[in-house]
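Presented below is the structure to which this report refers.
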Amino acid sequence: MLKQCYHWLKGYLKIRLVGYSPERFINLCKNKNIIIWDLKSFEDYYEMHILMNDFKKLRPLSKKTVTKIKILEKKGFPFAAHKFKKHKAFVI
């Protein structure tokens, strides 16, 4: 429960990973201390959740492993707050 609250406050992304060596990509994420959860394997791709701050670290790993990353969903407080940017009183 506490982890879910932490992830929501930081903001997280659901991403799809397609390409040549997704297993190597996941291993490199582990070595770079990038947190991945809800990893699901499908026939041609992987889907996973990742923190918004860690997403910027994925680009060099993606190039190294010849994989492509697609953002499927954006969730969490930073994205919700951005939607209500003009309605600051409502957010407070």
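Mind the numbering: the sequence shown is residues 1419 to 1510 in the numbering used here, read in order. Ideal placement from N, C-alpha and C gives every residue a C-beta, glycine not left out. The structure presented is a predicted model; accordingly, all values stated were derived computationally and were not measured.
{"Item": "DSSP state of Lys1450 mapped onto helix, strand, coil", "Value": "coil"}
{"Item": "Neighbourhood of Thr1483 by C-beta distance below 8 Å, restricted to the same chain and skipping five residues each side", "Value": "Gly1437, Tyr1438, Ser1439, Pro1440, Arg1442, Phe1443 and Leu1446"}
{"Item": "CA-to-CA distance, Glu1491 to Lys1448, given in whole angstroms", "Value": "22 Å"}
{"Item": "Anticipated Cβ contact below 8 Å, Met1466 with Ile1433, distance rounded", "Value": "6 Å"}
{"Item": "Element boundaries [beta strand (DSSP E), containing Lys1492]", "Value": "Thr1485 to Lys1493"}
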